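Protein chains in written order, with the numbering used here: chain A, 716 to 867; chain B, 81 to 320; chain C, 8 to 575; chain D, 2 to 480.
Just so it is clear, CB atoms sit at the ideal spot from N, CA and C, and this is done for glycine as well.
Here the structure is a predicted model, which is why all the values come from computation and not from measurement.
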Amino acid sequence: MLLLIGYGNPLRRDDGSGPALAGMLAARGGRDDLRVITVQQLVPELAQDLAAADITAVLFLDASVSGCSGENAVSIQPLSGVSPSPVLGHHFSPAELLCYAELLRGAALPAWQLTIPGIDFGYGEGLSASAEKNLAAAFAKVLVFLRKITLQ
Amino acid sequence: MSVITVTINGIEGSAPAGATLLEACRQNGVELPTLCHLEGLTPIGACRLCLVQVEGARRLLPACVTEAQEGMIIQTHTEKLVKYRKMTLELLLSERNHICSVCVANGSCELRTLCAQLGVDHSRFEYRCPDLPPIDTSHERNGLDHNRCISCTRCIRACDQVEGAHTLDMEGRGIENRVIIDMHQTWGSSRTCTKCGKCVNVCPTGTLFWKGSTVAEMEKEVGFLQWIRGGREKKTWSYL
Amino acid sequence: MTREELRTMAMKEQEQKAAFRCRLLVCYSSPCLSSGAEAVYKALLAAVHERNLDVEVDVTRTGCVGPCSRGPLVTVRRPGCEDVIYQHVTPEFVVRILEAHLVENRPLTENVLPGDVPFFAKQLKVVLANSASIDPESLESYVSMGGFTALSKVLEEMTPEQVVEEIKKSGLRGRGGGGFPTGLKWDLVRKAQGEKKYIVANGDEGDPGAYMDRTTMESDPFLVLEGMAIAAYAVGADQGYFYVRAEYPLAAERLAKAIKKAEKAEILGNRIFGSSFNFRVDIRLGAGAFVCGEETGLLTSIMGRRGQPYPRPPFPANSGLWGSPTLINNVETFGNIAPIINRGGDWYASIGTEKSKGTKIFALAGEISNTGLIEVPMGITLREVVYEIGGGIPGGAGFKAAQTGGPSGGCIPADYLDTPIDYDNLASLGSIMGSGGLVIMNDRSCMVDVARFFMDFCRDESCGKCIPCRVGTSQMLGYLEKICNGSAVMEDLEKLRELAEMVQETSLCGLGFTSPNPTLSTLRYFRAEYEAHIRERRCPVGVCVMSEVPLRELVAELPRRIREGSKA
Amino acid sequence: MATMLRIEPVTRIEGHAKVSIYLDDSGAVSEARLHVVEFRAFEKFCVGRPFYEMPGITNRICGICPTSHALASVKAGDAIMGVAIPPVAEKLRRIFNWAQYIQSHALSFFHLSAPDLLLGFDHDPATRNVMGLIQKFPDVARKGIRLRGMGQEIIRILADKSIHQAWAVPGGVRQPLNAEKRAAIQAMLPEGFETIGLALELLKKSFAQFADELTTYDFPSLFAGLVTHEGGLEHYDGLLRFTGSDGTLIEAGVANERYRDYIEEASEDWSYLKFPFFKPHGPYNRSESAGMYRVGPLARLNVCDFAGTPRADEELASFRKLGNGRTVTSSFHYHYARLIEILFALEKIAETLDDDEILDDWVRAEAGVNRLKGIGMVEAPRGTLIHDYSVDRNGIITDVNLIVSTGHNNLAMNRTITNIARKYLQGDSVTEGMLNRVEHGIRAYDPCLSCSTHAVGRMPLVIRVISPDGSVVQEFSRG
């Protein structure tokens, strides 16, 4: 079972592209080996979802501030390295969450992070044209990715 | 009772003569969304959610007030109808300030339930954020919060047609319309209100509520209307 | 009153008027009154009296003459002479008119409105035939022009079926906007089951710039009452309601007087013309809601309820006032009835086009030389109306569009100037005949701004009962405002179009489903103007002030503004 | 002209807080400021709502401590109704609040501060993070997650929802506890005790390596917090006590409704977070830290005379040895205090659940509006939280004043980062070590600034050294 976690704040425009992509994938259906979660931000409790016995891999879907656009702007990278916790927030990075999940399950969990560049992170709903384009590219990319990891 | 034949979404069905299209649809297992309609109150065809397409009719027809005719061919869920229903709900969401998360009717709200059923999770249209009269909690039992009102007039009709008090009415027109108590006074000072609570129970949203209710605490009971009306017709309570 | 007495009354009045050496007719309808007709009339009366001319000269306050922007208007009528019409008459000038015609026996040359101008020549007056000649408050005056002969004729010579047939034969269609065949409607009400039936005259005219019905009611109230009485006879009703909006006090006052006089003369009330036919008319004043011009809204208002439409069917013809069959027609429609009965349905059907018979009254307004009220045969082209009757566009500007049908209508661009005006052609151009408002716009008008203006009207006038109209018009207005102030993005245009279609198809009544018409028709013919507002943030004709910025572009826009601000 | 250094957490979303360090002409630190730039206007939009809706609205101020806001709000509601709520309802609310302490303190300690505290600032930066923590202390890391989860789970058991619940209402609570639910909570407690014992042991061992920080974070101030009528540690109700740095009682027990006589709020134009100060000590003066007081775990342990449970009292005694025997003035020890409070919360929950009375189903009092003002004061994990409502006779809110815990600590946080900057800034260049300590210095207070807004998991810090003419002399970016 692949766990997809789309996170971000849909009320901050392009920041909502992670949950949007998760929603698109959930709506597409057709596969019973996917579990989709959308959240505003990553909190420690999610480690327990990641560590669930039936989960074999995880893909984080997130927005990024790079502002790029085009097909290559969207990237899927394996998760690596861990950074210190945030100074002022009470939320987690995917890598931190993954560390905890691995600790809880006692084994490594293959994980990737997909980032969708955006430009407008102001208050409001809906994505900018650029982020929307990137979202479409990300959708296509995820589908390819999903096919690939099933083959493995 | 004579029976007529209608075709709903390509399937033949029957309905008693004199039934509305809405009744005909529901009797044949086709569910149509409604908001202003409530069994026991005069239908007014205002919310436009039950619009259906009838072959040969120039316009879309509100099922709640259109009488079913022999041989009618009805479409209830065409792409266009579904789209318009969603837009109608989006318009309602944009009209006033609907904040479900802190609403007393969270969980029992007909507007929200319909939105969930039709897949409307936000409104594309801009919030109008109107200036509304303050919440009226001057009544001994009931409260009125204009933020959540969808102007369906169910409360007004229940008060007028079932209770016979006609305490509630509507002032203003168009987007400026507001439910008022008597001649626009506070509910607590109304001398016509019988405190029967029918208005609160028929309100589809959290506009009318029991005072003191907190988030998601309102539970509404609408079945009593038919009971009262049926009882009156059958003279259940007649002592003569 | 008997038919004979009616004839006597007419003859007596005709003889009396013919005895005058000269008749001075002061137009006394609202436009002329608002430009000073009352002072003119008083000055004229005083001057006549002063000169001891009371026996020789008749001074009459009449209905509307037509070229309203030129008022006050005074017509001098002398036996054997052509009428001379003076425009822009002042109290001083009217004395000079009197002196010139009666003392010096020589018409003035100043301020004369030539009678052979296309404004008059191209018109064909049926409903307004008497308007410029009679005193609206005088029963005798109306009778002298053949008034109530049609009513007496149907009562004595025709069965209700024959009356309905005659109306059907005439091809008359409802003048309130929808264009439903009048004869057919009468037939429906006549055949409807019901002990009690009602006649309702819709005088709740509310389109901005339109005043056809007001003028008809003010200029010839008896004509409309006669039409109602004939209708009542035809469908079997004995009670009528005249619904007049309260903003038309003069119309209501003249109607009230007319009803009283007609009742006193036993032309209305019981046993009319000695027959067994009874018909009473009561006036109901509307409180100024546009939606009460919609027939079901009007009916609920008459019944004393909140003026809101209800879904049809059931149609009023079957279930109207208090559930009884009700015939509701527009004022102008009723104004056509007596002429049709008098001159025959065939005569009426010979006027106009194949599917739109007879004449239509229009209120010409906007950027046009001759603003005023005109009555023209159906099928006349827009070009004739604008350039001949209307005298063209003033100030050297070009014609851009004509808005017909008020807020429910659409804008017709110059390409269609040669289209004959009738119900079906207007509908195919995305507009409607409406009640007859005709607003001309020159090339300095911004069509988005025009759409915004009408949408504002519709939002304001929406009754609020159904959601698409109540919230949809408000949302559409919001998007139009954004387009006009520069803060819209192309997505908004798409939302606007989508809403327009939705409101058109799903609203409960005519107000709602026609409210997107100005927007849709301008989008259809002037889309480039909309796009210029959004993409280039520029109003092509410079009407709109683009002071706002789309939220999304604000980030990029702000530094520029700050730079410019610091330079300034 | 002074030079300004700005440390800005560059989140991809507009920042919620940033730090500026001001240098004087000689290049020494004159002042450091913590800017809170999120404006939320809760006080404005609550006006016009009925008071019984307030718990539902105000608990959305925060996603970390919604429970505290809900409790302050329902207590203000109780005051407006003028009722004493059923005793069992009060006990359930207390359990609710302690559960909140467990989850919030666990998040702060185990997830956010533990890498720094247990690995030390001098640990290799590449592994001074969760990964490093897991490698070195796998058991602590694992237990930390479970402890936070346990707090959330108790809240969920009581209120059917762990965040933004609507269970606590003016007059009491909506549903009683049943035997099954009680057993579920009781079953979780032993593991909690075990975890906290382990954490306390590790933390106490680490103090030796933080000698510098302990003194840098040490400054005199007043302390404020609620105490029981007997002077014990209190989190839900009680009297507001102020003490001095030396442990003297300034105000032994102020009734909640008189808080305005002691606390006044000042504003600065560079921060949306207000600056409350102790009013009896004269007018507001930020540079002299007049009227500065601290709230939160450290302050609560300083103001109380005793904890009231055996194990917490034992820990409290050893805690006090770190100070002058009564008062601990270094903000570094907020961490230690937090662990003691978790221990206290576990003990109190266990004790309260033991009594069968807790299963009684009479948990809600009914009343209308009987007072036009209501003040609800609770101890939130981060400190004293005050909800102050005025209503009309129909119960519609006419005025709201909210003093949040982080606000009370505003002056102290500014003071802490000023101290750190003074000690660790070398010339006009910002070092890695200083950055770490600025971060940590703020985190000691566990401020709640960025609630409900999502920021990139990693918040890189960017430091710019700007010369008086405005040009960037040096830019330092990490992450």
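Check whether chain C comes within 8 Å of residue i, counting only Cβ atoms and requiring the distance to be less than that.
i, result
"R138 (chain B)", "no"
"F304 (chain B)", "no"
"V86 (chain B)", "no"
"Y164 (chain B)", "yes"
"C239 (chain B)", "no"
"A99 (chain B)", "no"
Could one say the Cβ of residue i lies closer than 8 Å to chain D's Cβ atoms, at least one of them?
i, result
"E811 (chain A)", "yes"
"V789 (chain A)", "no"
"T247 (chain B)", "no"
I'd like the list of long-range same chain contacts for residue i, defined as Cβ closer than 7 Å, with 5 residues on each side in sequence excluded.
i, result
"N179 (chain D)", "L360"
"F333 (chain D)", "F211, E214, L215, Y218 and A445"
"V84 (chain D)", "G172, A366 and A368"
"E488 (chain C)", "R459"
Quick one: what's got a C-beta closer than 6 Å to residue i's C-beta in the same chain, skipping five residues either side?
i, result
"S293 (chain B)", "V184"
"G458 (chain D)", "The pLDDT assigned to G458 (chain D) is 34, lower than 50, so where the model puts this residue is not dependable; a value taken from the coordinates is nonetheless given after this. So the list is empty, once near-sequence residues are dropped."
"G352 (chain C)", "E173, K176 and S177"
Less than 8 Å separating the beta-carbons of residue i and residue j?
i, j, result
"A810 (chain A)", "L829 (chain A)", "no"
"C29 (chain C)", "V72 (chain C)", "no"
"A208 (chain C)", "A324 (chain C)", "no"
"L169 (chain B)", "L198 (chain B)", "yes"
"F122 (chain D)", "R149 (chain D)", "no"
"L93 (chain D)", "V174 (chain D)", "yes"
Leaving out the 5 sequence neighbours to the left and right, which residues in its chain are closer than 8 Å to residue i when beta-carbon positions are compared?
i, result
"L869 (chain A)", "This structure gives no information on residue 869 (chain A), because the portion of chain A shown stretches from 716 to 867."
"G153 (chain C)", "A17 and N349"
Name the two residues that bound the continuous alpha helix (DSSP H) containing residue i.
i, result
"T753 (chain A)", "Where T753 (chain A) is concerned, there is no enclosing alpha helix (DSSP H), although the beta strand (DSSP E) it sits in stretches over L749 to V754."
"T378 (chain C)", "From DSSP, T378 (chain C) is part of no alpha helix (DSSP H); its letter is neither H nor E."
"T307 (chain C)", "E302 to I309"
What residue range does the beta strand (DSSP E) around residue i cover?
i, result
"V134 (chain B)", "L131 to V134"
"M325 (chain B)", "Residue 325 (chain B) lies beyond the range of chain B shown here (81 to 320); nothing can be said about it."
"C546 (chain C)", "No beta strand (DSSP E) contains C546 (chain C), which DSSP labels as neither H nor E."
Is the shortest distance between the beta-carbon of residue i and the beta-carbons of chain B less than 8 Å?
i, result
"S469 (chain C)", "yes"
"S69 (chain D)", "no"
"G283 (chain D)", "no"
"A330 (chain C)", "Just to set this straight, residue 330 (chain C) is Gly in the shown sequence, not Ala. It does not: the Cβ of G330 (chain C) has no partner Cβ on chain B nearer than 8 Å."
"R94 (chain D)", "no"
So that I know if they touch, is there some Cβ in chain A lying closer than 8 Å to that of residue i?
i, result
"G458 (chain D)", "The pLDDT assigned to G458 (chain D) is 34, lower than 50, so where the model puts this residue is not dependable, and the model offers no usable value."
"H36 (chain D)", "no"
Worksheet entry | Contact residues within the stretch 745 to 774 of chain A, judged by C-beta distance below 7 Å to chain D | From the stretch 745 to 774 of chain A, only Q755, Q756, L757, P759, E760, A762 and Q763 have a Cβ closer than 7 Å to chain D.
Fill in: Residues of the stretch 372 to 397 of chain D whose Cβ lies closer than 7 Å to any Cβ of chain B, in chain order
Those would be N395, G396 and I397, in chain order.
Worksheet entry | Near-chain C residues of the stretch 253 to 286 of chain B - C-beta to any C-beta below 9 Å | Along the stretch 253 to 286 of chain B, the positions whose C-beta sits under 9 Å from a C-beta of chain C are R253, G254, I255, E256 and N257, read in chain order.
Discussion item. Using a Cβ-Cβ cutoff of 9 Å, what residues of the stretch 119 to 147 of chain D are near chain A? List them in chain order.
Written reply: For the stretch 119 to 147 of chain D, which is checked against every Cβ of chain A, the residues closer than 9 Å are P126, A127, T128, R129, N130, V131, M132, G133, L134, I135, P139, A142, R143, G145, I146 and R147.
Discussion item. Counting only Cβ-Cβ distances shorter than 8 Å, please list the residues of the stretch 172 to 192 of chain B near chain D, keeping chain order.
Written reply: So the list reads S181, V182 and V184, given in the order they occur along the chain.
Item to complete: Give, in chain order, every residue of the stretch 197 to 218 of chain B whose Cβ lies closer than 7 Å to some Cβ of chain D.
Response: Correct list: P214, I215, T217 and S218.
Fill in: Against chain B: residues of the stretch 512 to 523 of chain C by CB proximity under 9 Å
The residues in question are E512, T513, S514, L515 and F520.
Practice prompt. Closer than 9 Å, Cβ to Cβ, to anything on chain D: give me those residues from the stretch 292 to 317 of chain B, in chain order.
Written response: Of all residues in the stretch 292 to 317 of chain B, G292, S293, T294, V295, A296 and E297 have a Cβ within less than 9 Å of some Cβ in chain D.
Worksheet entry | Selection of the stretch 149 to 179 of chain D by Cβ proximity to chain A, strictly under 7 Å | Here the close residues are R149, G150 and Q153.
Worksheet item: Going along the chain, which residues of the stretch 189 to 217 of chain D sit with their C-beta nearer than 8 Å to a C-beta in chain A?
Response: The stretch 189 to 217 of chain D vs chain A, Cβ under 8 Å: nothing.
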